[in-house]
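Protein chains in written order, with our numbering: chain Y, 147 to 513; chain A, 56 to 383; chain P, 4 to 368.
To keep things clear, I will list the structure first and then write my remarks on it.
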Amino acid sequence: MSTGHGAAGPPAVPPPRGADEPVLAISDFSVVYRTPDGDVQAVNRVNLELYPGQVVGLVGESGSGKSTLAYGACRLLRAPALITNGNVRYRGRRSVAPMEILHVHADDLRRLRWREIAIVFQSAMNALNPVLNVRDQLVDVIHAHLRVSRQEARDKAGSLLEMVGIPRSRLRSYPHELSGGMRQRVMIAMALATEPEVVIMDEPTTALDVVVQRDILTQIVELKESLGFSILFITHDLSLLLELADRIAVMYAGQLLEFGTAREIQHEPAHPYTRGLLNSFPSLRGARRDLAGIPGSPPDLHDPPSGCPFIPRCGYATQACADIDMRLLPVASSLDPAHVTACPFVLPGTPAPPGPAGRPAATSTGS
Amino acid sequence: MPFIARRVVFYLVAAWVALTINFFIPRAMPGNAVQAVMSKFPNLTPSAYRALEAMLGVGHPGSIWHQYWAYLVDISHFNFGVDVSQYPASVSSLLVQTIPWTITLVGTATLIAFFVGTALGIMAGWRRGGWLDRVLPGLMFFQAMPYFFLALILLELFAVRTHVFPLGQGYTGGLIPGWHWDFISSAIYHSLLPAFTIVIASVAGWMLQMRNLMLTTIGEDYVLAAQAKGLPNRRVIWTYATRNALLPQLQGFGLALGFVISGAIVMEIVFSYPGIGLLLLNAVTSNDFPLMQAIFLVITFAVLLANFVVDLIIVAADPRARAREVTR
Amino acid sequence: MTVALPVSTEPAAVPEVRRRRGLWRRLPTRAKVGALLLGAFIVAAIVGPMVSPYDPGFQNPSFGLSLHPPDAAHLLGTTQSGQDVLAQLLTGIRLTLELALGVGVIASVLSIVVGVAAGFLGGWWDEFLSLATNVFLVIPALPLLIILLGYLPQKGQLATIVVLSGLGWPWGARLIRAQTLAIRGRDFVAASRETGERTWRILAFEIVPNEVSLIAANFVNTVLYAIGASVALAFIGLADLSSWSLGTMLYWAQSQQALQLGAWWWFVPPGLAVALIGTALVLLNSGIDELGNPRLRNAGEASQTAWRKLRPTDPTPVLQAAPPPRSRLAGLLHAFSRSSLLDEQDRAGNRAGRSLGRTPGGDLS
Chain Y
147 MSTGHGAAGP PAVPPPRGAD EPVLAISDFS VVYRTPDGDV QAVNRVNLEL YPGQVVGLVG
207 ESGSGKSTLA YGACRLLRAP ALITNGNVRY RGRRSVAPME ILHVHADDLR RLRWREIAIV
267 FQSAMNALNP VLNVRDQLVD VIHAHLRVSR QEARDKAGSL LEMVGIPRSR LRSYPHELSG
327 GMRQRVMIAM ALATEPEVVI MDEPTTALDV VVQRDILTQI VELKESLGFS ILFITHDLSL
387 LLELADRIAV MYAGQLLEFG TAREIQHEPA HPYTRGLLNS FPSLRGARRD LAGIPGSPPD
447 LHDPPSGCPF IPRCGYATQA CADIDMRLLP VASSLDPAHV TACPFVLPGT PAPPGPAGRP
507 AATSTGS
Chain A
56 MPFIARRVVF YLVAAWVALT INFFIPRAMP GNAVQAVMSK FPNLTPSAYR ALEAMLGVGH
116 PGSIWHQYWA YLVDISHFNF GVDVSQYPAS VSSLLVQTIP WTITLVGTAT LIAFFVGTAL
176 GIMAGWRRGG WLDRVLPGLM FFQAMPYFFL ALILLELFAV RTHVFPLGQG YTGGLIPGWH
236 WDFISSAIYH SLLPAFTIVI ASVAGWMLQM RNLMLTTIGE DYVLAAQAKG LPNRRVIWTY
296 ATRNALLPQL QGFGLALGFV ISGAIVMEIV FSYPGIGLLL LNAVTSNDFP LMQAIFLVIT
356 FAVLLANFVV DLIIVAADPR ARAREVTR
Chain P
4 MTVALPVSTE PAAVPEVRRR RGLWRRLPTR AKVGALLLGA FIVAAIVGPM VSPYDPGFQN
64 PSFGLSLHPP DAAHLLGTTQ SGQDVLAQLL TGIRLTLELA LGVGVIASVL SIVVGVAAGF
124 LGGWWDEFLS LATNVFLVIP ALPLLIILLG YLPQKGQLAT IVVLSGLGWP WGARLIRAQT
184 LAIRGRDFVA ASRETGERTW RILAFEIVPN EVSLIAANFV NTVLYAIGAS VALAFIGLAD
244 LSSWSLGTML YWAQSQQALQ LGAWWWFVPP GLAVALIGTA LVLLNSGIDE LGNPRLRNAG
304 EASQTAWRKL RPTDPTPVLQ AAPPPRSRLA GLLHAFSRSS LLDEQDRAGN RAGRSLGRTP
364 GGDLS
């Protein structure tokens, strides 16, 4: 690595940003898709902060809006998407002042993308241009953001590949000539090419087999330790986040339901939906327990129900649930004031309603 | 190169199928078509009669396989037999006179239409909902119009009503063809309206196809990724979206070429253009089957060759083509 | 000769069979226009010959009625031999549509059979059928049609339909094969095969129903091909020249020098009819395409929403607190005021917001 900060050791934090200041702060963020049938409220007033060096996991079922949130925050969504509300503030080491992503000029936004916030896409096969070789695609990124000569850019491309454990000789390979794991590594190398401070990882390992998945996750953690970037990790696999993430945000029907440290989410889950999710996956380390899915399916976002969107599937639901305004409030029983939940009624200690342990009753009392 | 080798084999097979069909059609047609044709030429000289006999498969000089073999040998020497209606001209000599006209006109105009249409399609795909998108339905009208009808309309407007362009022919009568300016300028002048016809009639098709390919490609993850990478817009448009959309567009060009050329050739008739189209019309009206069949073969070979050129371009531009199992 | 070009040479994503709203309502405007236009021609084909004012073949011996321009008695004028052009046109539309629909049906069935067989049976069958499809795709159809029809002793309607169908299937077969391959790999088909469902039942109840939109698009395309090819063939004289189709009308107009004689009313009506029928089919086809390909559909929807000139690379638009809508005069005055400078800054700072700034925010909430 020839430019930027040293590859080893934690990065020195220059004065402009305090260590307690988030590198990325999303507040009150809403996205709709405008369709002929009306607007689809894909993301609804979400607040999320990412602190330097942290891994924040964003978990939810498919269609919960987690990818829309991440891409929307980078303003990468295409029409008919429309950001209707909110603020996205980026505060990097390199930037003098915080940047309001929703208000910057398109050219500034272009400079910010990848240089500051890079993305590892879910399917590297689709995210890599099939007709350009790996070197050209890496060099493309480097040239877009760094002032280096062609030769330097090529050298850097080679060392990036080596950094993720791919021999330099594969520089001239095309995506279809690489294995799935290699493609994902190339994608990661590409994301790190300009030493961004935030890396959004959109289910980076979902398409891979378990062994490769493990290797790549290990590598991501190592790279994060050595390069000191922050990660917003999107997945539907909560058990993976429990190991990987510092903090976990649980998303459902376009809204954040719970946000807390991985430990709290694992041991003191406050929201019934989080509890349901925890029961949907086998824990890799924790005690054995019965697995239970969450019956039912997410609501139609064309016409979102008032109050909590989880009511129809929630075993704890009461009449009052239809009236709550879904604000995230600190979990009363938690020592961590940053552990917040949208459910004002259920606390970590609240016993499960009648029925098999942790399994919400299919027929709800509310709504 | 395996991909190119496979394509060569495929085109050889296609050429062989065309040759074989061409050989067996006269022999397999129902009714007494052959006799009917023969009876239309009562005054043939003996050698022309024999040529016709061989072509149509009557008179049986040997077994059918023997005939087939002799036919393949003849074709490989570009010997398409003797023409019956314009005896003693050989079919090959008639083709040699007309092919340059058609290739120059149809080839140039088709390429222009393809490039213009593709460029417009890129713009329309990139600026969806722009003015190009809104005139699209209007352009579809031209796309749906037979080339020869458009030719009639243009002639009515620009040659009959206003005398901007000549009413047809390849050059002003009386000029002696050759490499001198009088002739060349006259030929260019006469070819403008036909070329214009081809361009107008086919440009919308290429444009629509390219637009849709652009829209599809823009929806691909790698274009979104290119944007996320903060690449300059120009780079996203050209290297990521357009370049990838051009590959299927080129393939479509190869496949649709047969239609375009056929349409253009029929159009030549309206302009009395001295190309293959007019030759074809004469062949049809005078039941000149050897000529018709030769024209079929020539057009087929031209299309196969053009497709091969398209394949070469695709192989140069698409690394996947070199690796992929392609049977197109 | 008209060509319907393929949208994509790759199979689109397998569309789900959905019946959320009525098919007609989901059709893009373009396709509705096409369908209505086509409907008008079909009505003309059915009713036309009944209400036709003259017998199309009747040659009025009166010399004054040779090449008579349109007037009250002959709405579209007369031909050189005094025949009524309108009467010929009405008969011609019927004959041409009859032929085209016939070819559409037969060639579509051939396409389905070949495409599904190649895609589903796989192996040696696929190799052979694909090769045949590709060979006939690359051999130009029209010259071959010319030879085939040239040798036919009777070039009647039925013979033409058979010959055109015989060469009209490869496009469809290719697309349907690709689609079949995609569907075959999906779970529910694999499940049926595992449970020993009979092949023909899988084909009839699982494969073909999932290809309906492709088959429909292909049918429209084939009809388009049939009209283009049959008109072109008739135009060079390869048709039953004693019948009145749009193509033979054009043939007679051309061979009797209508253009040179200034009788535009002789060749414009049939040619225009062909062009309009073709346009209707192209519109219909592009509409069906849009229905099956969500990316094309989104483009259509995006252009209908508030912003027009949004390019795909533009950042996601942000809804600004919308300024109160100004009347045109107030807007003009505002342009000279000091606060408009602030607007300018805002525009420079947010290109996408510019087009949205004028969007009333009310329609969002």
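Idealized CB from N, CA, C, for every residue including glycine.
Which residue's Cα is closest to the Cα of residue i: the options?
| i | options | result |
| --- | --- | --- |
| T183 (chain P) | P:P156, P:A121, P:G80 and P:D243 | P:A121 |
| P303 (chain A) | A:T173, A:A199, A:M195 and A:G313 | A:T173 |
| V160 (chain A) | A:L247, A:H121, A:F356 and A:A259 | For the sequence presented, residue 160 (chain A) should be read as Leu rather than Val. It is A:L247 whose Cα lies nearest to the Cα of L160 (chain A). |
| L270 (chain A) | A:W181, A:M195 and A:S327 | A:W181 |
| L170 (chain Y) | Y:L223, Y:N231, Y:R256 and Y:A264 | Y:A264 |
| M252 (chain P) | P:P73, P:L92, P:T32 and P:G80 | P:L92 |
| V514 (chain Y) | Y:F375, Y:A335 and Y:R256 | This structure cannot speak to residue 514 (chain Y), because chain Y is shown only from 147 to 513. |
| L262 (chain P) | A:I350, A:F169 and A:E211 | A:E211 |
| A227 (chain Y) | Y:P342, Y:S241 and Y:T181 | Y:T181 |
| V72 (chain A) | A:L263, A:L127 and A:Q122 | A:L127 |
Excluding the 5 residues preceding and the 5 following residue i in the sequence, name in chain order all residues of the same chain whose CB lies nearer than 6 Å to its CB.
| i | result |
| --- | --- |
| V211 (chain P) | none |
| Y197 (chain Y) | P168 |
| I366 (chain Y) | none |
| S147 (chain A) | F133 and F135 |
Using DSSP's beta-bridge definition, name the partner residues of residue i.
| i | result |
| --- | --- |
| S173 (chain Y) | Y:N233 |
| M397 (chain Y) | Y:L402 |
| L475 (chain Y) | Y:T487 |
| Y179 (chain Y) | Y:V186 and Y:A227 |
| D348 (chain Y) | Y:I380 |
| E246 (chain Y) | Y:R235 |
| E167 (chain Y) | DSSP output for E167 (chain Y) lists no bridge partner at all. |
| F259 (chain Y) | Per the sequence shown, the amino acid found at residue 259 (chain Y) is Arg instead of Phe. Partner(s): Y:I263. |
| V202 (chain Y) | Y:L378 and Y:R393 |
| D87 (chain P) | P:T81 |
| L195 (chain Y) | One point to set straight first is that residue 195 (chain Y) is Glu, not Leu, in the sequence displayed. According to DSSP, which records beta bridges pairwise, E195 (chain Y) is partnered with Y:A171. |
| T496 (chain Y) | T496 (chain Y) pairs with nothing; no bridge assigned. |
| T407 (chain Y) | Y:R393 |
Output needed for residue i: all residues of its chain with C-beta closer than 8 Å, excluding positions within five of it in sequence on either side, in chain order.
| i | result |
| --- | --- |
| I130 (chain A) | L74 and L352 |
| L354 (chain Y) | G326, G327, Q330 and I362 |
| L279 (chain P) | L40 and F44 |
| N279 (chain Y) | L317, R318, S319 and Y320 |
| Q224 (chain A) | H245, F326, S327, Y328 and P329 |
| M347 (chain A) | L335, A338 and V339 |
What residues of chain D sit near residue i, judged by a beta carbon separation below 8 Å?
| i | result |
| --- | --- |
| Q62 (chain P) | Judged by its chain identifiers, the structure shown contains no chain D, and its protein chains are Y, A and P. |
At a cut-off of 7 Å, would you count residue i as near the ligand NAP, judging by its Cβ distance to the nearest heavy atom?
| i | result |
| --- | --- |
| Y226 (chain A) | Ligands are entirely absent from the displayed structure, and the ligand NAP is therefore not among its contents. |
Since residue i and residue j should fall inside the 8 Å C-beta cutoff, what is the C-beta to C-beta distance between them, to a whole number of angstroms?
| i | j | result |
| --- | --- | --- |
| Y26 (chain A) | A319 (chain A) | Since the first and last residues shown for chain A are 56 and 383, residue 26 (chain A) lies out of range. |
| D348 (chain Y) | E410 (chain Y) | Not confirmed; about 25 Å, so no contact. |
| T340 (chain A) | G153 (chain P) | Not confirmed; about 10 Å, so no contact. |
| F204 (chain A) | G274 (chain P) | 4 Å |
| E404 (chain Y) | V486 (chain Y) | 7 Å |
| N272 (chain Y) | Y277 (chain A) | 6 Å |
| T225 (chain P) | G107 (chain P) | 5 Å |
| P320 (chain P) | I229 (chain Y) | 7 Å |
| L222 (chain Y) | T214 (chain Y) | About 10 Å separates the two Cβ atoms, so there is no contact after all. |
| S317 (chain A) | P143 (chain P) | 5 Å |
Keeping to the same chain, check which residues put their C-beta closer than 7 Å to that of residue i; ignore five residues upstream and five downstream.
| i | result |
| --- | --- |
| P374 (chain A) | none |
| F58 (chain A) | V370, A376, R377 and V381 |
| D237 (chain A) | L230 |
Open item on the list: Suppose only complete runs of 4+ residues qualify. What are the alpha helix (DSSP H) ranges in the stretch 253 to 322 of chain P, listed by chain order?
Closed with: 261 to 264, 267 to 295 and 297 to 307
Open item on the list: To test your reading of the DSSP string, which unbroken beta strand (DSSP E) runs of 3 or more residues are found completely within the stretch 297 to 382 of chain Y?
Closed with: 344 to 348 and 376 to 381
Task: Within the stretch 174 to 238 of chain P, ranges of the alpha helix (DSSP H) (whole runs, at least 4 residues) - done: Whole alpha helix (DSSP H) segments, 4+ residues: 190 to 197, 202 to 205 and 215 to 238.
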